[in-house]
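S.K.: The sequence shown: position 124 = 124 (the numbering used here), numbered continuously. From the three backbone atoms N, C-alpha and C, an ideal C-beta is built for every residue, glycine too.
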Amino acid sequence: MFNIAIDGPAGAGKSTIAKTLAKNLGFIYVDTGALYRAVALFMQSRGITTDDTEAVQAALRSADIELRFVDGAQRVYLNGQDVSEDIRTPEVSAAASAFSAIPAVREFLFHLQQSIAAENDCIMDGRDIGTVVLPDADLKIFLTATAEDRAMRRHLQFLEQGIASSYEEVLADQKQRDYQDTHREISPLKAADDAIVVDTTGNEFEQSVSILMNLIKENLK
């Protein structure tokens, strides 16, 4: 199996770029952020907060999260229900970052991620794929961009989805998520020592895809 790990801060374009790369290569795409969002949605539906880690750990026993690939697209199922759209709200995004700092949550999803990679040629993106989940990945990429650039991309995405938000609000949320992800005690966001850092600030989508595709082709050789 050939595994590619793509890490980086929120809003760096990991998911959209990885989806395109996986489709072009015929690989499975694994959006690990969607798994954490599903956990956050599950906890929110039960009124459980990150302050009560014992309740979080107990609730995980009744959470069944599954990735299904339908017509080449990844869909996320929570206890049998397709929640692929429900997990994309700003509220769930913010909660996912907070819940991901809880060791029990990371342990809960760790084995699912590794089993997918062991059975498929895949591109997996997240915050700690190259450092923790797939430390032996064949290629590790750390995708980043300035907070301002990432906030503008996300703001425009929200507008397209009809989600009301201002650029200032998105930027503030972006900086808060960056702080949470880089300062958490368990598996903080950082580039793996052997990762290739790619800064996409100012890039058009096609430019970033082309850069990463060239890196992948070089390593596939």
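Is D125 closer than 8 angstroms to K217 when the C-beta atoms are compared?
M.R.: No. Outside cutoff.
S.K.: Give me the Cβ distance between A192 and Q174, rounded to the nearest whole Å; I'm assuming they're in contact under 8 angstroms.
M.R.: About 23 angstroms separates the two Cβ atoms, so there is no contact after all.
S.K.: Let me confirm a value: Y179 is counted as buried when at least 16 other C-beta atoms fall within 10 Å, else exposed. Which label applies?
M.R.: It is exposed - the Cβ of Y179 has fewer than 16 other Cβ atoms within 10 Å.
S.K.: By the 10 Å Cβ neighbour count, where 16 or more other Cβ atoms means buried, how is A12 classified, buried or exposed?
M.R.: Under this definition A12 is a buried residue.
S.K.: Please specify which runs of the beta strand (DSSP E), each continuous and at least 3 residues long, are wholly inside the region 136-217, giving them in chain order.
M.R.: 139-144, 196-199, all fully within the region 136-217.
S.K.: For S100, which option in E185, D82, R68 has the closest C-alpha, if you only look at C-alpha atoms?
M.R.: Here the closest residue by C-alpha is E185.
S.K.: Considering only their Cβ atoms, is the gap separating L21 from I123 smaller than 8 angstroms?
M.R.: Taking 8 angstroms as the Cβ cut-off, I123 and L21 qualify as a contacting pair.
S.K.: Which class does D52 belong to by DSSP, given the choice of helix, strand or coil?
M.R.: Here D52 sits in coil by DSSP.
S.K.: Just how far apart, CA to CA, sit S97 and N219?
M.R.: Each residue's Cα considered, the two are about 31 angstroms apart.
S.K.: Measure the CB-CB distance between V83 and F110 and report whether it falls below 8 angstroms.
M.R.: The answer is no: Cβ separation not under 8 angstroms.
S.K.: What do you get for N233, buried or exposed, if any count of 16 or more other CB atoms within 10 angstroms of its CB means buried?
M.R.: As displayed, the chain neither begins before 1 nor continues past 221, which places residue 233 out of reach and without an answer.
S.K.: List the endpoints of the continuous beta strand (DSSP E) containing F2.
M.R.: Neither: F2 is in no beta strand (DSSP E) and is coded neither H nor E.
S.K.: Taking Y29 as the reference, which of A195, E119, E206, I196 has the closest Cα?
M.R.: Comparing Cα-Cα distances from Y29 to each of A195, E119, E206, I196, the minimum goes to E119.
S.K.: Enumerate in chain order the residues of its own chain whose CB-to-CB distance from Y36 is below 6 angstroms, with the five nearest sequence positions on each side excluded.
M.R.: Result list for Y36: A96, S100, in chain order.
S.K.: How would you call F142, buried or exposed, if buried means at least 16 neighbouring beta carbons within 10 angstroms?
M.R.: Classification of F142: buried, given that the 10 Å Cβ count is 16 or more.
S.K.: For G93, count neighbouring C-beta atoms within 10 Å of its own C-beta (all shown protein chains included) and say buried if the count is 16 or more, exposed if not.
M.R.: For the sequence presented, residue 93 should be read as Ser rather than Gly. It is buried - the Cβ of S93 has at least 16 other Cβ atoms within 10 Å.
S.K.: According to DSSP, which residues form a beta bridge with A73?
M.R.: DSSP output for A73 lists V70 as bridge partner(s).
S.K.: When you compare each of V76, E66, R88 to I163 by their alpha carbons, which one comes out closest?
M.R.: Out of V76, E66, R88, R88 has the C-alpha closest to the C-alpha of I163.
S.K.: Pop quiz: A137 and I4 are said to be a contact at Cβ under 8 angstroms. What is the actual Cβ separation, rounded to whole angstroms?
M.R.: Confirmed, about 6 angstroms.
S.K.: Could you give the distance in angstroms between the alpha-carbon of A63 and the alpha-carbon of F27?
M.R.: Between A63 and F27, the C-alpha separation is close to 27 angstroms.
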